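Okay, so here's the structure we're looking at.
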Amino acid sequence: MLLLKFKHFIKSDDAAWITFIHGAGGSSTIWHKQVKVLKEHFNLLLIDLRGHGMSNDLPVNNDYSLNVVVDEVVEVIQHLKLKKSHFIGVSLGTIIITKISDLYPKIVDKVILSGAITSFSTRTLFLLRTAQAIKGFTPNIILYRLFALIIMPSKEHRVSRRVFINEAKKIKNKAFKNWLRLLPDIKRTIDDISKLKLSKPTLFISGIEDYLFVRQIEEYVKDKSNCFLQKVNNSGHIVNIDQHKIFNNFTLRFLK
């Protein structure tokens, strides 16, 4: 198995680690505002998922699955001989981290889930299934722009939209289509996540304008004593870009 590409920043041998997992269509570059601040306090590991960012040259085959994604991320952590790490993820990255926390609990310390997906509303499922149905005859760039406008519609989200579209354009056509094929697998995983009692201290950071997902997160955390939700004004799905200073402050307070 080919190793996913990654970057890491070392503060010291005894500093705690943070592992960052981006979402579908993104890359490790979305964390640059976090790297500037957090590298002064932690060792940082930024991983690019297969077909994304620095891992753009790694093929995404027809039999790719979410379990394989999880195993590939864990393989990087084992390659670096990390015994334990905090994890920060956004969007699809939050699903991957939750699955890692369930399957590999010994390597997980605290967890921060931004723009988390804990369930799919009827509207979200309709949008994703429509994308699947038209992917064969619609140029990828049209789908990227459509996704960006639906998920991040407000003027406050324009930087996040631009970053998403610019990163998504770098994904090869076959890789993009095979990531879309993971939708049923992702849906099953989310259904399982909704039943999990998360064992690790978990902070959810969500924009108040994350229209597709924030209400489900509010319901999800109600009966979970080790889960906390911070909602951020003037922010949508990608809080770490929309309101990076607030995101960084929440992160430092939770992890320090």
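Just so we're aligned: the sequence shown equals residues 1 to 256 in my numbering. The beta-carbon is built from N, C-alpha and C at its ideal position, and this holds for glycine as well. As the structure is a prediction and not an experimental result, all values here were calculated from the model.
From the options, pick the residue whose C-alpha is nearest to that of residue i; which is it?
i       : options                               : result
Ile-96  : Leu-113, Lys-106 and Lys-83           : Leu-113
His-244 : Val-159, Ser-27, Val-68 and Phe-87    : Val-159
Ile-186 : Val-60, Ile-241, Ala-16 and Thr-94    : Thr-94
Phe-176 : Lys-200, Tyr-144 and Lys-155          : Tyr-144
Leu-180 : Gly-136, Ser-199 and Asp-210          : Gly-136
Thr-202 : Thr-98, Asp-242 and Leu-92            : Thr-98
Leu-255 : Asn-166, Thr-124, Val-108 and Leu-127 : Val-108
Phe-250 : Ile-30, Gly-236 and Gln-230           : Gln-230
Val-69  : Ile-238, Glu-156, Leu-2 and Arg-215   : Leu-2
Lys-281 : Pro-59, Trp-31, Val-239 and Trp-17    : There is simply no residue 281 to check, as the chain begins at 1 and stops at 256 in what is shown.
Leu-182 : His-157, Ala-131, Glu-156 and Ala-16  : Ala-131
Val-214 : Trp-31, Lys-195 and Val-239           : Val-239
Compute the Euclidean distance between the alpha carbons of residue i and residue j, then round it to the nearest angstrom.
i       : j       : result
Pro-105 : Ile-77  : 13 angstroms
Phe-228 : Lys-36  : 25 angstroms
Ala-133 : Gly-25  : 18 angstroms
Tyr-64  : Asn-43  : 30 angstroms
Lys-7   : Asp-57  : 16 angstroms
Lys-222 : His-22  : 26 angstroms
Asn-67  : Ile-10  : 29 angstroms
Asn-234 : Ile-150 : 16 angstroms
Lys-200 : Glu-167 : 31 angstroms
Asp-210 : Arg-123 : 14 angstroms
Ile-100 : Asn-61  : 22 angstroms
Val-163 : Lys-81  : 32 angstroms
Ile-171 : Ser-28  : 14 angstroms
Lys-110 : Leu-103 : 15 angstroms
Ser-12  : Ile-246 : 26 angstroms
Ala-15  : His-157 : 34 angstroms
Phe-126 : Lys-83  : 41 angstroms
Asn-248 : Ile-30  : 13 angstroms
Trp-17  : Tyr-220 : 27 angstroms
Hey, residue i and residue j: beta-carbon distance below 7 angstroms or not?
i       : j       : result
Ser-206 : Ile-190 : no
Ala-274 : Arg-161 : Residue 274 lies beyond the range of the chain shown here (1 to 256); nothing can be said about it.
Leu-38  : Thr-19  : no
Leu-146 : Glu-72  : no
Quick test of your reading: residue i and residue j, contact by CB under 8 angstroms. State the CB separation rounded to the nearest angstrom.
i       : j       : result
Ile-241 : Lys-33  : 7 angstroms
Met-152 : His-237 : 6 angstroms
Leu-198 : Lys-169 : Contact flag wrong, Cβ pair sits at about 34 angstroms.
Ile-208 : Val-232 : 7 angstroms
Checklist entry - Taking three-plus beta-carbon pairs below 8 angstroms as touching, is the stretch 107-122 in contact with the stretch 42-61? => result Flag = no, the stretch 107-122 and the stretch 42-61 do not touch.
Next on the checklist: Is it the case that the stretch 140-153 contacts the stretch 75-90, given that we only count it when at least three CB pairs across the two stretches are under 8 angstroms?
Outcome noted: These segments do not touch.
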